[in-house]
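The structure under discussion appears below in the form of structure tokens.
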Amino acid sequence: MNLIAQDFIVYPDDTPLSKTLRPLFAAANGFSFPIVIEEKNSNQFTFDFDQTLAKQLALHRAAPTTLSLPKEVRKELDFAFTYEGNIVAVEVEKSNSDKILYDFMKFHIYLSHGATAAVLILPRNWPHRSGEVNMFKNAVHRYNLCREHGFGAPAFFDKCLIVGYEQAMPDGRPLTRDLRRELIQLRLIP
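In full-length UniProt numbering, the protein residues as written are 1 to 190.
The structure is reproduced here in structure tokens:
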């Protein structure tokens, strides 16, 4: 089964970094990525979004690269690429708002080990049993709280970008709680 990643938006939208990377994410709009609905763990959706996105960006001149990172975070970097003179470290957060601040902390490490920019990518519609969560909105809120309360210098945040996207069915319908429930039921039918 596949979903579509569509309607990419960036925050903040008025920085040199956003002006550079917005066209790249716009070019990737509408790509398909595989999902599996697990039988265990409350029918959790497992995605192959990260590497599918990396491959899609590579089709638009984002060359895959690596960073020389400390061993404690080396395996945590989702992927990195170079684009128009930037070395971009990417974190993808699908469903856990509690990890957003940890992602910002990792951005400090990535930026001190060769990255010139860091991007956090999140869905604007994460469905679960009790509704949908706008992970992008949560990240923007935490980003603004960090800026407001000094959790990082302004120069640090100028190198960070939050990217949101909508998860949709191949026919364009946004993924909702009710649609998630339907997909789980279809999986359960022999």
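From the three backbone atoms N, C-alpha and C, an ideal C-beta is built for every residue, glycine too.
Leaving out five residues on either side along the sequence, give the residues of the same chain with a beta carbon under 6 Å from the beta carbon of residue i.
i	result
SER95	TRP126
PRO190	Note on PRO190: pLDDT 46, under 50, position unreliable in the model; the coordinate value appears next. So the list is empty, once near-sequence residues are dropped.
THR82	ALA63 and THR65
GLN167	LEU3, PRO123, ASN125 and LEU175
Output needed for residue i: all residues of its chain with C-beta closer than 8 Å, excluding positions within five of it in sequence on either side, in chain order.
i	result
HIS113	LEU67, SER68, LEU69 and PRO70
CYS146	LEU101, PHE104, GLY152 and PHE157
PRO154	ARG147
GLU93	LYS99, ILE100, ASP103, LEU120, ILE121, LEU122, MET135 and ALA139
Taking the alpha-carbon positions, what's the residue i to residue j distance?
i	j	result
MET135	ILE184	22 Å
ILE37	LEU77	24 Å
GLY150	CYS160	15 Å
VAL90	ILE162	10 Å
GLN51	ALA115	19 Å
LEU3	ILE109	32 Å
PRO34	ARG74	25 Å
PRO23	PHE47	24 Å
GLY164	THR20	16 Å
ALA118	LEU57	15 Å
Per DSSP, residue i forms a beta bridge with which residues?
i	result
GLU132	PRO127
PRO64	PHE81
ASN2	PRO34
Quick one: does the C-beta of residue i sit closer than 7 Å to a heavy atom of the ligand HEM?
i	result
VAL133	The model depicted lacks the ligand HEM and carries no ligand whatsoever.
Does DSSP put residue i in a helix, in a strand, or in coil?
i	result
GLU76	coil
ASN144	helix
THR15	coil
residue 191	Because the chain in this structure spans residues 1 to 190, residue 191 falls outside the shown range and cannot be described.
ASP7	strand
residue 191	The shown model of the chain, from 1 to 190, leaves out residue 191, and the question about it has no answer.
GLU166	strand
GLU182	helix
Among the residues of its own chain, which have a CB less than 7 Å from the CB of residue i, if the five just before and after it don't count?
i	result
GLU132	ASN125, TRP126, THR176 and ARG177
ALA27	HIS60
GLY30	ILE4 and GLN6
Counting pairs of beta carbons, one from the region 139–146 and one from the region 96–113, are three or more of them closer than 8 Å?
yes
Decide if the region 15–25 is in contact with the region 167–178; the criterion is three or more beta carbon pairs, one per stretch, under 8 Å apart.
no
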